[in-house]
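In this note's numbering, the protein residues as written are -15 to 296.
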């Protein structure tokens, strides 16, 4: 058996093992009892909202596909690539980036050149990180407001959140000013003899950053459009999360909704598969909400009809 097949077999074996482990951690009787509280109409509404979130995220990526690639790439193809990427990210360490190569592959299958495909995914991810960390920074304040965070670590936590927010913001400003920090690194690496077969990919990455910089400098309206879609997606996620809690008998205020969703989102910053991080947070958050809000642990924000909502 070739080395590639062995690697593929290993990856699939690990993935299947993680899926089995994750499924074993779920209390299925309790989950079923939770779902029974939802009427068919309520379940349909939550599925509709979740679909709208997916479409908003797809629209954000499509902004860059239209700007850098081609109008010929259909929304359906972009949507399918996005769903495939989410599926991979859910069971890969570093869920912030796990499924991105699959998005590039999806565009290449539609005839988009490698550099342009990579640039669209990079810009989409950049805005995703920027909006995610912005909401997390605001959500961190909500965590203390509702009593879900330890005041002893407030200063450290605030600094960490602001640093995370600063990273994508500084990079976006650098692109806008014509700076290409990673291209310098890519060209330096490609010039080394040990780069070998990586030279082609390093060249593609450098070209993709150059394309991203051109968009930031010459077409800022594209960036603004992407940010608008990112904001719409987050508004829909908050609505979905709050409505899910209310339908399960947990009426949360806007601050409590933001705090609970922020706590769940922080699980995806851990170096573990995203699905397992969401699972871990779903086991921890109910206990904290029970303590703070005096609610039933069995009804508290477990992954229900659409667990992939945590994977944004």
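Beta carbons are placed, not taken as given, at the ideal position from N, Cα and C, and that holds for glycine.
Given the structure is predicted, the values throughout are model-derived calculations rather than measurements.
Q: Sort 189, 244, 51 and 5 by Cα distance to residue 128 and report the nearest one.
A: Taking the chain shown and counting its residues from 1, the one referred to as residue 128 is at position 144. When only C-alpha atoms are compared, the closest one is 244.
Q) Where residue 218 and residue 37 are concerned, what is the direct C-alpha to C-alpha distance, given to the nearest angstrom? A) Within the chain shown, the letter at position 234 stands for residue 218. Within the chain shown, the letter at position 53 stands for residue 37. Distance between the alpha carbons of residue 218 and residue 37 is about 8 Å.
Q) Do residue 229 and residue 236 have their CB atoms nearer than 8 Å? A) Residue 229 sits at position 245 when you count from the first residue of the chain shown. Residue 236 sits at position 252 when you count from the first residue of the chain shown. Yes, the Cβ-Cβ distance between residue 229 and residue 236 is below 8 Å.
Q.
Taking the beta carbon of residue 203 as the centre, do at least 16 other beta carbons fall within 10 Å, making it buried, or is it exposed?
A. Within the chain shown, the letter at position 219 stands for residue 203. It is exposed - the Cβ of residue 203 has fewer than 16 other Cβ atoms within 10 Å.
Q: Measure the beta-carbon distance from residue 103 to residue 195 and round it to whole angstroms, keeping in mind my assumption that it falls under 8 Å.
A: For this step, residue 103 is matched to residue 119 along the chain shown. For this step, residue 195 is matched to residue 211 along the chain shown. Going by Cβ atoms, the distance from residue 103 to residue 195 rounds to 4 Å, so yes, they are a contact pair.
Q) So, do the region 84 to 92 and the region 24 to 31 have three or more beta carbon pairs nearer to each other than 8 Å? A) no
Q) How long is the line joining the alpha carbons of residue 40 and residue 221, rounded to whole angstroms? A) On the chain shown, residue 40 is found 56 positions in, with the first residue counted as 1. On the chain shown, residue 221 is found 237 positions in, with the first residue counted as 1. Residue 40 and residue 221: Cα-Cα distance of roughly 10 Å.
Q) Roughly how many angstroms separate the alpha carbons of residue 239 and residue 225, rounded to a whole number? A) Your numbering for residue 239 matches position 255 in the chain shown. Your numbering for residue 225 matches position 241 in the chain shown. Cα-Cα distance, rounded: 12 Å.
Q: For the alpha helix (DSSP H) containing residue 205, list its first residue and its last residue.
A: Numbered from 1 along the chain shown, position 221 holds the residue referred to as residue 205. Segment 204 to 231, the alpha helix (DSSP H) holding residue 205.
Q. Do you know how far the Cα of residue 1 is from the Cα of residue -7?
A. Taking the first residue of the chain shown as position 1, residue -7 is located at position 9. Taking the first residue of the chain shown as position 1, residue 1 is located at position 17. When rounded, the distance between both Cα atoms is 12 Å.
Q. Comparing alpha-carbon positions, which option in 154, 158, 190 and 156 lies nearest residue 170?
A. Residue numbering aside, residue 170 sits at position 186 when the chain shown is read from its first letter. Cα-wise, what sits closest to residue 170 is 190.
Q | First through last residue of the alpha helix (DSSP H) which encompasses residue 108 | A | Taking the chain shown and counting its residues from 1, the one referred to as residue 108 is at position 124. Per DSSP, residue 108 belongs to the alpha helix (DSSP H) from 98 to 130.
Q) Which of helix, strand or coil does DSSP assign to residue 73? A) To locate residue 73, count along the chain shown from 1; it is residue 89. Helix, per DSSP.
Q | Extent of the continuous alpha helix (DSSP H) to which residue 31 belongs | A | By one-based count along the chain shown, residue 31 stands at place 47. Element bounds for residue 31: 24 to 52.
**Q.** Candidates 231, 61 and 249: closest to residue 24 by CA position
**A.** Position 40 of the chain shown, counted from the first residue, corresponds to residue 24. For residue 24, the nearest C-alpha among the options comes from 231.
Q: Could you check how far apart the C-beta atoms of residue 156 and residue 193 are, in whole angstroms? I think they sit under 8 Å.
A: As a first step, residue 156 is located in the chain shown; it is residue number 172 there, counting from the start. As a first step, residue 193 is located in the chain shown; it is residue number 209 there, counting from the start. 12 Å between Cβ atoms; not a contact.
Q. Going by C-alpha distance, which of 93, 145, 42 and 71 is nearest residue 215?
A. In the chain shown, counting from the first residue as 1, residue 215 sits at position 231. Comparing Cα-Cα distances from residue 215 to each of 93, 145, 42 and 71, the minimum goes to 42.
Q: Would you identify the three-state DSSP class for residue 266, choosing helix, strand or coil?
A: In the chain shown, counting from the first residue as 1, residue 266 sits at position 282. Note that residue 266 scores a pLDDT of 48, beneath 50, so its modelled location is shaky; the value from the coordinates is reported in the next line. Helix at residue 266.
Q: Classify residue 11 as helix, strand or coil using the three-state DSSP reduction.
A: The count along the chain shown starts at 1 and reaches residue 11 at position 27. Here residue 11 sits in coil by DSSP.
Q. With a cut-off of 8 Å, do at least 3 Cβ pairs link the region 94 to 102 to the region 47 to 65?
A. yes
Q: Taking residue 211 as the reference, give the member of 12, -4 and 116 with the closest Cα.
A: For this step, residue 211 is matched to residue 227 along the chain shown. Ranking the options by Cα distance to residue 211, first place goes to 116.
Q) At what residues does the alpha helix (DSSP H) containing residue 93 begin and finish? A) As a first step, residue 93 must be located in the chain shown, where it is residue number 109. First-last for residue 93: undefined, no H or E at that position.
Q | Pair within 8 Å by beta-carbon distance, residue 162 and residue 201 | A | Position 178 of the chain shown holds residue 162. Position 217 of the chain shown holds residue 201. It is a contact, given that the beta carbons lie within the stated cut-off.
(Q) Taking only three categories from DSSP, how would you classify residue 234? (A) Residue numbering aside, residue 234 sits at position 250 when the chain shown is read from its first letter. If DSSP states are grouped into helix, strand and coil, residue 234 belongs with coil.
(Q) Tell me the DSSP secondary structure of residue 21 in three-state form. (A) Residue numbering aside, residue 21 sits at position 37 when the chain shown is read from its first letter. Residue state, collapsed to three classes: coil.
Q. Would you report the Cα separation of residue 126 and residue -11, rounded to the nearest angstrom?
A. By one-based count along the chain shown, residue 126 stands at place 142. By one-based count along the chain shown, residue -11 stands at place 5. For residue 126 and residue -11, the distance between alpha carbons rounds to 48 Å.
**Q.** Assigned secondary structure, residue 3 (DSSP; H/G/I helix, E/B strand, else coil)
**A.** Start at 1 with the first residue of the chain shown, and residue 3 comes out as number 19. It is helical.
Q. For residue 20, does the count of other Cβ atoms within 10 angstroms reach 16, so buried, or fall short, so exposed?
A. The residue given as residue 20 occupies position 36 in the chain shown. Exposed is the call here.
Q) Going by the CB atoms, is the gap between residue 61 and residue 83 shorter than 8 Å? A) What you label residue 83 is simply residue 99 of the chain shown in a count that begins at 1. What you label residue 61 is simply residue 77 of the chain shown in a count that begins at 1. Cβ atoms of residue 83 and residue 61: not closer than 8 Å.
Q: Return helix, strand or coil for residue 154, following the three-state DSSP convention.
A: On the chain shown, residue 154 is found 170 positions in, with the first residue counted as 1. Of the three classes helix, strand and coil, the one that applies to residue 154 here is helix, per DSSP.
Q: Return the CA-CA distance between residue 301 and residue 99, expressed in angstroms with no decimal places.
A: Absent from the model: residue 301. The displayed extent of the chain is -15 to 296, so no value can be given.
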